[in-house]
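Each residue of the sequence shown is one higher than the last, beginning at 313 in our numbering.
Glycine is no exception: its CB is placed at the ideal position from the N, C-alpha and C atoms.
This report concerns only the one structure given below.
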Amino acid sequence: MIEKNEFLMYNEIIYSLNKCHELTDLKSQFFSKLKMLIPFSYASILLCDIDKTTANIQFHTPICFPDFFTDAENEYIKNSDRDNLLWLMHGQESTLVRESDLIDETKRVSSFIYKHCYAKYNIFDTLQYSITYEGTILGILTLFRTKIDGAFSDEDMFYLRSCGAHLNLLIHHLCKTKKSSHSISDSDLEAMRQQYALTNRETELLALIYQYCNSDEMARELGITEHTVQKHLQNLFKKMNVSSRWDILRISSRLHLL
């Protein structure tokens, strides 16, 4: 049974989500309130895309609390393919797991991910919640505790799961808004086509990148297979000297094309 104070804190958290108009608002509005209900040392939300052809996950946009924990999550993004819990990201429905339930302490602290990303933060346990909307994975929310804090409780899991449906809807809304704000004009698209000597097909893919389309959506839009999409994307990446779609968005931002 939820105590009155906890119920009030929970309501405050849900209210705080409604006050988030940008992804960065989650740090001051959501995480700061959530910490009162579920004590944690660090927290992050990593947005992601999944390539349906290769099933590879591309993480991006770490939103961390406190800010300095971004260094840890950027290191994780570089090495995420070595995460033993990465299977969490492949479900079509939201999943909540407590790492201490799945992997004993000895294995956790000896893992590559722990040593290279989290050892200096003395991480002991995590709660990981996959953020989904209508069967599509959008990212993962992780709460971290140190050894002094101890493991997360069943009650902590209950509260986080209760917040999940509201968080799913908000992240979907914020990502959709972000996509709309990153459209590119025809003149800017033409400028990039000329600068990087892109083919017509590569230019079409570039335009779809600015609509945040995934590979499946690109294939349907252009009437080609996802395999062909991947071949064109690799050529596009090579010409622009990047390794991901997010690198392309960063290039355009530096060029003030948006």
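Practice task
Could you spell out where the alpha helix (DSSP H) holding Thr438 opens and where it closes?
Solution key: No alpha helix (DSSP H) holds Thr438; the beta strand (DSSP E) holding it covers 435 to 445.
Handout entry: In chain order, each alpha helix (DSSP H) run of at least 4 residues that lies wholly inside the segment 499 to 558
Key = Runs of the alpha helix (DSSP H) inside the segment 499 to 558: 512 to 521, 527 to 534, 538 to 552.
Practice task
Can you give me the Cβ contacts of Leu569 inside the same chain, cut-off strictly under 6 Å, excluding the 5 residues immediately before and after it?
Solution key: For Leu569, the predicted structure reports a pLDDT of 44, less than 50, and the residue's modelled location is therefore unreliable. The matter cannot be settled from this model.
Handout entry: Separation of Leu479 from Ser406, as counted between CA atoms
Key = Cα to Cα, the separation comes out at about 11 Å.
Problem - Among Ser556, Gln546, Asp337, the one whose alpha carbon lies nearest that of Ile357 - result: Taking only the C-alpha atoms, the option nearest Ile357 is Asp337.
Exercise for the section: Grab me the residues of Ala463's own chain with a C-beta within less than 8 Å of its C-beta, minus the 5 sequence neighbours each way, in chain order. Expected result: The residues Arg410, Ser412, Phe436, Asp437, Arg457, in chain order, have a CB closer than 8 Å to that of Ala463 in the same chain once the five nearest residues on each side in sequence are set aside.
Problem - Expected contact under 8 Å - CB spacing of Thr454 and Leu439 to nearest Å - result: The pair is a contact, with the Cβ atoms about 7 Å apart (cut-off 8 Å).
Practice task
Could you check if Glu385 is buried or exposed, using at least 16 other CB atoms within 10 Å of its CB as the buried criterion?
Solution key: That one is buried.
Problem - For Leu359, the nearest candidate out of Tyr388, Ser353, Phe352 (CA to CA) - result: Considering only alpha carbons, the answer is Tyr388.
Problem - Alpha carbon of Cys429 to alpha carbon of Asp498, nearest angstrom - result: The straight-line gap from Cα to Cα measures roughly 41 Å.
Practice task
Might you give, ordered along the chain, the residues of its own chain that have their beta carbon closer than 6 Å to the beta carbon of Thr515, omitting 5 neighbours on each side?
Solution key: Here the set comprises Arg505.
Practice task
Using only alpha-carbon positions, find the residue among Gln341, Gln370, Leu561 that is nearest to Asp393.
Solution key: Here the closest residue by C-alpha is Gln370.
Exercise for the section: Mind checking which residues open and close the alpha helix (DSSP H) that includes Thr382? Expected result: Run containing Thr382: 382 to 391, per the alpha helix (DSSP H) assignment.
Practice task
Kindly indicate which three-state DSSP category Gln341 falls into: helix, strand or coil?
Solution key: Gln341: helix per DSSP, three-state reduction.
Exercise for the section: Measure the CB-CB distance between Phe377 and Phe343 and report whether it falls below 8 Å. Expected result: Taking 8 Å as the Cβ cut-off, Phe377 and Phe343 qualify as a contacting pair.
Practice task
With DSSP as the reference, label Gly476 as helix, strand or coil.
Solution key: Judged by DSSP in its simplified three-state form, Gly476 adopts helix.
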